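To keep things clear, I will list the structure first and then write my remarks on it.
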Amino acid sequence: MAVKKKSSRIQHPPEYYRSKRTRLAKLGAVRRRHADTTKVNMHGVKLKWTKHCDHLSVSDIEHLENASKEDIMTFLEWMLDSYRRIRKRSTVHAYKRILFQVYRKSVGADFNAKANEEINDYVNGYLTVRYKLDTSVNEKPVMDVDDVYLVQHHHWVHDTSVFPDERQRIQLALLILLQAYTATRPQVLAYKKLSQKAINDHYFGNEDEDMESEEHAGKWDPKEDDFKTITYGDVKLVLLKSAEGGRDILAMEVTLRFTKGWERRENPKTFIFYEVDDLLFDAILHLLALALLDQVFEANIQTVQDIYKIKARPPRRSLDDGTVRTSDTEALRYHTYLYYLQRLGPVTGFVQILNPYCIRRGSGEGVEVMCHINAATYQAYINQRIQCDTVAAFLGRPSNNALLKAAGHMSRHVDPRAPTNATHLDLEHIRTDPTLVKVIELRDSLSQEVRRESGSIREAEVSGTKLYQMYRAVENKVRSTRAYLRKLAKATTRQEFFNNISIEINSQLKDDAGSFLDLGPDAWNPQVSYNLKERRLLAELICADTCDLNDETKLKHRIYTTNAMILLGKEREIRRVKSEMKAGTDEFPQSCDTNQCVFLLLG
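Heads up, the sequence shown is in the numbering used here, so the first residue is 2 and it goes up one at a time.
So, in structure tokens, the structure goes:
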């Protein structure tokens with residue numbers, strides 16, 4: 002755990018304060034301190050402004066310092082001409098807003114407010130009409146408990162994806178639960194690596210934005226507190242005396258320190274979790290499995306049985322254990338978490354793209370708290386579908402909450418039969434795509450020229466010839482074009498499946514023998530093959546229905562499940578070839594009967 006060093010506060014001689022006053026006067030306006038993610042966005046717009054100035058053969062910093070509304074309008078139009086992927090009007094406004102952040106930090110003053118209004122009118126009027134900018138607002142999908150259940154159940158029971166190791170399967174399930182229960186941003190739970198070069202080069206200027214950085218450079222040890230994310234040091238297990246006289250209650254406190262704006266205001270949030278009978282939704286069970294796998298307890302706790310042997314003896318009313326061991330393992334990165342989650346979406350059968358903010362919006366809808374400074378910000382996350390039964394309100398009847406819940410969330414469109422890849426025919430058509438064919442011909446031509454000039458591609462790479470750089474750029478274009486066409490074919494195939502619902506309706510109407518409520522003997526029945534016996538055991542235990550069991554049996558089942566999860570976390574599944582995957586299948590449950598980082602990037 003990083004240790005905060007004591008600051009040395011001494012009174013300096015008069016010359017120090019006089020020179021400091023002179024320096025402050027020279028700097029002018031005090032520059033605002035932005036978050037690192039904002040700096041990266043500013044760096045991108047700064048690069049675009051520099052390219053625009055190079056195109057006009059003018060100095061970038063001088064052009065920005067003397068910029069008028071006409072210069073900003075011209076830059077936005079140049080950007081639309083140069084970057085054809087910008088199609089939405091809101092994107093243009095976002096670029097303009099970030100450019101003004103670069104302007105304020107580089108020039109030391111805000112851009113003229115009146116001119117800003119005219120620029121907005123120019124974007125909303127002329128640019129929108131000329132470039133046919135999209136003014137629609139995309140629907141923001143919201144996940145509720147049923148949606149999360151589908152994802153978790155598929156993750157443990159049906160998912161055939163192979164992880165680098167099974168520990169990552171456990172941590173992904175825990176990440177989903179923590180985000181559902183806290184409504185926090187995904188970057189709080191998973192580390193997002195940012196370019197240090199972009200952070201340092203996000204505005205025009207040479208002065209260090211933090212003039213005292215040298216004095217406070219050692220305030221935190223970057224080797225031990227470099228990953229601004231949740232760690233075991235933020236998790237505390239608490240054993241509380243039961244008011245009903247039964248076994249002591251195991252609870253968990255999770256403190257989120259690095260929420261948005263933590264650098265400007267330290268306002269950590271602590272959430273309390275407790276055990277639930279539905280083990281798919283039990284965050285404590287998942288955390289215990291990871292903690293025992295990583296051996297993070299300071300006390301001599303080696304097994305899950307040891308935890309439940311501990312009692313809060315009088316006069317104590319609680320007993321807590323903080324885990325404060327340091328890890329040398331890298332934190333799970335945000336893009337890895339996003340990749341795993343987006344991969345779960347299509348195979349579960351969701352129409353919309355699954356991402357962490359779907360869970361965040363659903364949790365915010367449930368508790369109406371998302372840790373915003375301004376409550377109005379919540380409006381950007383609110384469900385587009387009204388969650389109030391207006392029909393019942395007008396008629397004076399009881400609300401049909403179940404129907405509204407089913408119709409207002411992502412699981413409404415779920416169909417696990419939806420294809421997850423493009424058809425073979427569509428993939429064959431990609432080879433003959435005119436754009437791809439032209440780029441491949443250009444690449445092959447440049448390849449021959451490079452070999453003629455340097456003898457081989459490898460020799461040209463070592464020499465760094467201009468011709469090789471052109472070849473490499475075109476090669477990257479070939480790869481990106483092929484990847485884009487495959488992604489488009491996959492999305493088109495899935496969309497056609499969901500759009501052809503009328504075909505299924507007509508098929509059911511023609512089936513006189515069928516029932517409106519029965520899909521018949523040919524109903525979809527998935528089959529799953531487990532390559533690891535530990536995975537099959539855990540799938541059966543974690544989906545078992547324990548509602549009718551007594552307390553003692555529930556505890557035994559919880560311990561068995563945790564031990565099964567620990568055993569699975571020690572395994573690593575071997576990727577199977579397609580012929581093996583088509584071999585026999587196993588049965589699966591048909592129904593749901595301290596500063597070591599919690600989430601690790603291994604393998």
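Glycine is no exception: its CB is placed at the ideal position from the N, C-alpha and C atoms. Since the model is a prediction, treat every value here as computed from it, not as a measurement.
Of Lys557, Lys97 and Val277, the smallest CA-CA separation from Leu81 is found for Lys97. For the options Glu245, Phe272 and Val352, the alpha carbon positioned closest to that of Ile231 is the one of Phe272. Taking a C-beta distance under 9 Å as the contact criterion, Val438 and Lys478 do not qualify as a contact pair. Ranked by Cα distance from His154, the first of Val463, Lys70, Lys310 and Thr349 is Thr349. Counting along the chain, no alpha helix (DSSP H) covers Ile575, and no H or E run does either.
Unbroken beta strand (DSSP E) stretches of 3 residues or longer found wholly inside the segment 103-188: none. Around the C-beta of Asn42, 16 or more other C-beta atoms lie within 10 Å, and the residue is accordingly described as buried.
DSSP places Val529 in no alpha helix (DSSP H); its state is neither H nor E. Secondary structure of Phe76 (DSSP, three-state): helix. Residue range Lys467 to Asn500 is occupied by the alpha helix (DSSP H) that includes Glu476.
A contact is defined here as three or more CB-CB pairs under 8 Å, and the segment 143-152 fails this definition with respect to the segment 119-135. One thing to note: Arg90 has its Cβ within 9 Å of the Cβ of Asn125. Within the segment 8-56, complete alpha helix (DSSP H) segments of at least 4 residues are found at 15-28, given in chain order. Annotation: Pro435 to Leu468 spans about 24 Å, alpha carbon to alpha carbon.
By the neighbour-count criterion, in which a residue is buried when 16 or more other Cβ atoms sit within 10 angstroms of its Cβ, Gly465 is exposed. DSSP places Ile231 outside any alpha helix (DSSP H), giving it a letter other than H or E.
The C-alpha of Lys270 is placed about 52 Å away from the C-alpha of Glu429. Distance between Val277 and Val46, taken at the CA atoms: about 48 Å. Around the Cβ of Pro347, a 10 Å sphere holds 16 or more other Cβ atoms; the residue is buried. For Val440, the uninterrupted alpha helix (DSSP H) segment begins and ends at Pro435 to Ser455. Leu355 sits in coil when the DSSP states are folded into three classes, being neither helix nor strand.
The beta carbons of Ser508 and Arg344 sit no closer together than 9 Å.
Sorting Leu240, Asp148, Lys237 and Glu450 by C-alpha distance to the C-alpha of Pro417 places Asp148 at the top. Excluding sequence positions up to five before and after Val236, its CB lies within less than 6 Å of the CB of Val255, all in the same chain and listed in chain order. When DSSP reads this structure, Ile273 sits in a beta bridge with Glu254.
Glu535 sits away from Glu476, with the two beta carbons spaced by 9 Å or more. Setting aside the 5 residues that flank it on each side, His94 is surrounded in the same chain by Val124, each with a C-beta closer than 7 Å to its C-beta; the list follows chain order. Beta-bridge partners assigned by DSSP to Lys89: Asp135. By the 16-neighbour rule on beta-carbons within 10 angstroms, His203 is buried. Our two residues, Leu241 and Lys312, have alpha carbons roughly 9 Å apart in a direct line.
As the crow flies, the alpha-carbon of Glu460 is around 32 Å from that of Gln197. The three-state reading of DSSP puts Leu195 in coil, since its state is none of H, G, I, E or B. For Leu100, same chain residues with a beta-carbon under 6 Å away, outside a window of 5 residues either side, are Val46 in chain order.
The three-state secondary structure of Leu288, taken from DSSP, is helix.
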